[in-house]
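Beneath this line is the structure, given in structure tokens, with notes to follow.
In full-length UniProt numbering, the protein residues as written are 1 to 293.
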């Protein structure tokens, strides 16, 4: 288990030499932050239709655009299990019939990695930069994050905590897969939600969630929801969590922020061979220790 804590902006975990870890879908929160920096700078509006499509940036960020997800394809899971090279994005879209909307934008909710692939393309289009450079210039550098980058090859993942146990092509994560120290994931979310990058109004938009029903068995959520690139909802004790969980072959990462009164706390945890709920429960336990010593 890798775990890192931040309280009121101050790291609580002793400095140590940290291996990098795959951030899996925590990458979505970084992409959402990059997209919201474009809104901040007047390059696009949250409710503007994008890429000549009937959905808006807000709907893409909140998984309300009507898009399907390649995780629904049995052949995708088989190919990943067999350690095959990733399909091109075009082949994936073709196999998925990914251009066909499954519902009218804004009328439903369906988790879609394809939506975040499109967000990445939008960022490149509006900044005239590669996604790597746009994310670095607009989020990673302004927040003072170090040693965080996109994994491009299997060799990149050999340098992570999973080491030689993972023979995975990161191109299977079509929106991009960030890797970096777990401590940097905690600092990213803490600094983001403390207002170091976006305005209070944009952070409020980010944390305005679509409710997704009641408690999830085996996970700490009482009222889960999804905002703009963040999972947002209540847990026991009247606390509200904001952050993201991500999972990939053999590992799970969870990064969450909460606060009580004048105290804020953020925790990032990474573990192998376990469930999303198990890692989220560890994160919640660590946060409660900071808030209720």
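Virtual Cβ for every residue (Gly too), placed ideally from N, Cα, C.
These numbers come from a predicted model, not from an experiment.
If you drop the 5 nearest sequence neighbours on each side, which residues of the same chain put their C-beta closer than 8 angstroms to that of residue 34?
So the qualifying residues of the chain are 123, 134, 135, 138 and 139.
For the ligand NAP, is there any heavy atom lying closer than 7 angstroms to the beta carbon of residue 171?
You won't find the ligand NAP in this model; it holds no ligand whatsoever.
According to DSSP, is residue 125 helix, strand or coil?
In this structure, residue 125 counts as helix in the three-state DSSP scheme.
Is the Cβ-Cβ distance between residue 66 and residue 116 less than 8 angstroms?
No, they are not a contact pair.
Counting only the same chain and skipping the five closest in sequence on each side, list residues whose C-beta sits under 7 angstroms from that of residue 48.
Around residue 48: 56 and 57.
Would you mind working out which of 174, 291 and 142 sits nearest residue 91, comparing C-alpha positions?
Residue 174 is the option with its Cα nearest to residue 91.
Fully enclosed by the stretch 58 to 92, which alpha helix (DSSP H) runs are 4 residues long or longer?
Taking only runs of at least 4 residues, the alpha helix (DSSP H) segments lying wholly in the stretch 58 to 92 are 74 to 81.
CB residue 267 to CB residue 193, shorter than 8 angstroms?
Here residue 267 is not near residue 193, since their CB atoms are 8 angstroms or more apart.
Where do the ends of the beta strand (DSSP E) carrying residue 229 lie?
That residue, residue 229, is in no beta strand (DSSP E); it is neither H nor E in DSSP.
I believe residue 244 touches residue 29 by the beta-carbon criterion, under 8 angstroms. Please report the beta-carbon distance rounded to the nearest angstrom.
Going by Cβ atoms, the distance from residue 244 to residue 29 rounds to 5 angstroms, so yes, they are a contact pair.
Would you list the one or two residues that DSSP bridges to residue 103?
DSSP output for residue 103 lists no bridge partner at all.
Between which residues of its own chain and residue 179 is the CB-CB distance below 6 angstroms, once the five residues before and five after are set aside?
So the qualifying residues of the chain are 20, 22, 151 and 160.
Evaluate residue 83 with the Cβ neighbour count: other Cβ atoms within 10 Å of its Cβ, from every protein chain shown; 16 or more gives buried, anything less gives exposed.
Result: exposed.
Nearest to residue 27 by CA position, among 73, 188, 5 and 88, is which residue?
Comparing Cα-Cα distances from residue 27 to each of 73, 188, 5 and 88, the minimum goes to 188.
Please classify residue 68: is it buried, with 16 or more other beta-carbons within 10 angstroms of its beta-carbon, or exposed?
Residue 68 should be labelled buried.
Beta-carbon proximity check, residue 4 vs residue 290, cutoff 8 angstroms:
No.
Helix, strand or coil for residue 213, going by three-state DSSP, please let me know.
For residue 213, the three-state secondary structure derived from DSSP is coil.
Taking residue 172 as the reference, give the member of 113, 10, 257 and 255 with the closest Cα.
Among 113, 10, 257 and 255, the Cα nearest to that of residue 172 is on 113.
With residue 236 as the anchor, note down where its alpha helix (DSSP H) starts and where it stops.
From DSSP, residue 236 is part of no alpha helix (DSSP H); its letter is neither H nor E.
Suppose you measure from the CA of residue 42 to the CA of residue 109; what does that come to, to the nearest Å?
Straight-line Cα distance between these residues: approximately 27 angstroms.
C-beta atoms of residue 239 and residue 283 nearer than 8 angstroms
Contact: no.
Report all residues from its chain with a CB closer than 6 angstroms to the CB of residue 54; omit the five preceding and five following residues, and keep chain order.
105, listed in sequence order.
Close-in-space but distant-in-sequence residues of the same chain around residue 249 (CB under 7 angstroms, 5 per side omitted)
So the list reads 80, 166 and 168, once near-sequence residues are dropped.
Have a look at the DSSP bridge pairing and note the partners of residue 257.
Beta-bridge pairing links residue 257 to 242 and 266.
First and last residue of the alpha helix (DSSP H) that includes residue 284?
Unbroken alpha helix (DSSP H) run through residue 284: 276 to 291.
With distance defined between alpha-carbon atoms, name the residue in 228, 259, 251 and 237 nearest to residue 63.
Here the closest residue by C-alpha is 228.
Host beta strand (DSSP E) of residue 4 (start-end):
Where residue 4 is concerned, the enclosing beta strand (DSSP E) starts and stops at 2 to 7.
So, helix, strand or coil for residue 181, using DSSP?
Look at residue 181 here: in three-state DSSP terms it is coil, with no helix or strand label.
Pull up the distance between the alpha-carbon of residue 195 and that of residue 204, whole angstroms please.
Spanning the two alpha carbons is a distance of roughly 11 angstroms.
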